[in-house]
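Peer 1: Residue numbers (the UniProt record's numbering): 1 to 459.
Ideal Cβ positions, reconstructed from N, Cα and C, are used throughout, including at glycine.
Remember, it's a predicted structure, so these values are computed and weren't measured experimentally.
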């Protein structure tokens, strides 16, 4: 008997509620900005329609209608933030291309603030409610695992430890049926699946022959049962494995990283532009003249120190900083050390507070740096340590950042010892392989905490 699937209604429900909250945000923004719930003037109905149409398109492009059991809450939030960021970028593109400067920026700000809070809140609430519903024995999927081995047993444990996923393990099947945990042979899978209403069959490839897999795939597709193939790639140490196709040949890309995907790069770039723009407008616009004057009063020389460093793809780019030392011939060859005579008084304050790095938001806006990423080392330092540390170059697979995971974890300032550089590079590699927008935001807050409370190695 075919089970009832309510998930087919999810796209329509999700889109309806999203649009409801978008329009609530728009109406409330009307009241906040113009003291009326109705449209302000004859131009705002177009903006109202444009926001709705844009969200409908982006809703399906970013696949916000899907609810996958395997996804974490963080992954859901990242996907929603991606949709919101792309939507906002489209609106700004329309605003700039049509020169629609008559629209209130305050109105747009409140619209998206309210919409973002509500859409993230209701989505996360729904996912948590759905997971709770599954723990009570509803919305379940029966699964069978073909191939009794380490990976199959790990998969069973995962299902048992995460009941909110809603997978109910029904049995193992293998060529060797003498083990008490094995329910039957490979040939028994078909009858067992029909008798127990199996929804998903997991095939552990190391334990099966090609003929076994082909027969099981044919059976599953003829009985509307999902079939999933798995193998043990834990030794690869990359959770972002991606399947590519060369003609009819599937190939597993083990070097894939999150920022290889175009929509992740668009999301990160949009965040970088927005964040760096705010910093330049609201901080650098008044802080640069003040710091520049203090630097000039204490010692002769330029306000900014510009030094070539390695960026994405190991290519050179000019990295901007406030000058914190007297002009000297060792700036490119010698790291700053404790009680370094070259550091000026204002320079010492700038270094302690990391204010010397603020001009790098210009680099971020220009596109050769990111707000968050592996810190760009002086070239001499890279040349010294890259032959000594395995996969050192991997930190250059993404744009360098004004701050990074290593800095947020306390690896700031001088790296005189090998262990310090090794620890920094290890965290940089972890960041490259595990990037998400939420991870970037977390690192920014951790960096602020580190700047305030952890200044031991900064000089």
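Report the three-state DSSP secondary structure of residue 253 (helix, strand or coil).
Peer 2: For this step, residue 253 is matched to residue 253 along the chain shown. Strand, per DSSP.
Peer 1: With respect to the alpha helix (DSSP H) encompassing residue 370, which residues constitute its N-terminal and C-terminal limits?
Peer 2: By one-based count along the chain shown, residue 370 stands at place 370. Residue 370 -> not in any alpha helix (DSSP H); beta strand (DSSP E) instead, spanning 370-372.
Peer 1: Report, in whole angstroms, the separation of the C-beta atoms of residue 227 and residue 193, which I expect to be a contact under 8 Å.
Peer 2: Residue numbering aside, residue 227 sits at position 227 when the chain shown is read from its first letter. Residue numbering aside, residue 193 sits at position 193 when the chain shown is read from its first letter. Contact annotation, residue 227 with residue 193: C-beta distance approximately 10 Å; criterion of less than 8 Å not satisfied.
Peer 1: Starting from residue 310, trace the beta strand (DSSP E) both ways and give me its first and last residue.
Peer 2: Indexing the chain shown from 1 puts residue 310 at position 310. From DSSP, the beta strand (DSSP E) with residue 310 extends over 304-310.
Peer 1: May I ask you to report which of helix, strand or coil DSSP gives residue 359?
Peer 2: Taking the chain shown and counting its residues from 1, the one referred to as residue 359 is at position 359. Here residue 359 sits in coil by DSSP.
Peer 1: Nearest to residue 314 by alpha carbon, out of 393, 207, 11, 39?
Peer 2: Counted from its first residue, the chain shown places residue 314 at position 314. Out of 393, 207, 11, 39, 393 has the C-alpha closest to the C-alpha of residue 314.
Peer 1: Under a Cβ-count criterion, where at least 16 other Cβ atoms within 10 Å of its own Cβ denotes burial, should residue 248 be classed as buried or exposed?
Peer 2: Reading the chain shown from its first residue, position 248 is the one you call residue 248. Residue 248 comes out exposed.
Peer 1: In chain order, which alpha helix (DSSP H) runs of at least 4 residues are fully inside the region 189-242?
Peer 2: 189-195, 210-222
Peer 1: So residue 144 is in the beta strand (DSSP E); what residue range does that whole segment cover?
Peer 2: Looking up residue 144 in the chain shown gives position 144. Per DSSP, residue 144 belongs to the beta strand (DSSP E) from 141-146.
Peer 1: Looking at the structure shown, is residue 389 part of a helix, part of a strand, or coil, going by DSSP?
Peer 2: For the purposes of this step, residue 389 is identified with residue 389 of the chain shown, where counting begins at 1. Coil at residue 389, not helix or strand.
Peer 1: Give the C-beta separation of residue 396 and residue 312 to the nearest angstrom, bearing in mind that I take them to be a contact with Cβ-Cβ under 8 Å.
Peer 2: Position 396 of the chain shown, counted from the start, is the residue given in the question as residue 396. Position 312 of the chain shown, counted from the start, is the residue given in the question as residue 312. Their Cβ separation, rounded to whole angstroms, is 6 Å, which keeps residue 396 and residue 312 in contact under 8 Å.
Peer 1: Could you have a look at residue 323 and say whether DSSP puts it in helix, strand or coil?
Peer 2: Residue numbering aside, residue 323 sits at position 323 when the chain shown is read from its first letter. Looking at residue 323 - three-state DSSP - the assignment turns out to be coil, as it is neither helix nor strand.
Peer 1: For residue 41, count the other beta carbons within 10 Å of its own beta carbon; 16 or more makes it buried, fewer makes it exposed. Which is it?
Peer 2: Numbered from 1 along the chain shown, position 41 holds the residue referred to as residue 41. Flag for residue 41 reads exposed.
Peer 1: Return the residue from the list 70, 449, 37 that minimises the CA-CA distance to residue 155.
Peer 2: In the chain shown, the residue the question calls residue 155 occupies position 155. Comparing Cα positions, the closest option is 70.
Peer 1: What's the call for residue 450, buried or exposed, on a 16-neighbour Cβ count within 10 Å?
Peer 2: Position 450 of the chain shown, counted from the start, is the residue given in the question as residue 450. It counts as buried.
Peer 1: Check residue 394 in the structure and name its three-state DSSP category.
Peer 2: Walking along the chain shown from the start, residue 394 turns up at place 394. Helix.
Peer 1: Can you grab the Cα-Cα spacing for the pair residue 2 / residue 167, in whole Å?
Peer 2: Against the chain shown, residue 2 aligns to sequence position 2. Against the chain shown, residue 167 aligns to sequence position 167. With a pLDDT of 46 at residue 2, under the threshold of 50, the modelled position of this residue cannot be trusted; read the value that follows with caution. If I take the Cα positions, the gap works out to 18 Å.
Peer 1: Please list, in chain order, all residues of the same chain as residue 122 whose beta carbon is under 8 Å from its beta carbon, the five residues on each side excluded.
Peer 2: Numbered from its first residue, the chain shown carries residue 122 at position 122. Excluding sequence neighbours, residue 122 sits near 17, 21.
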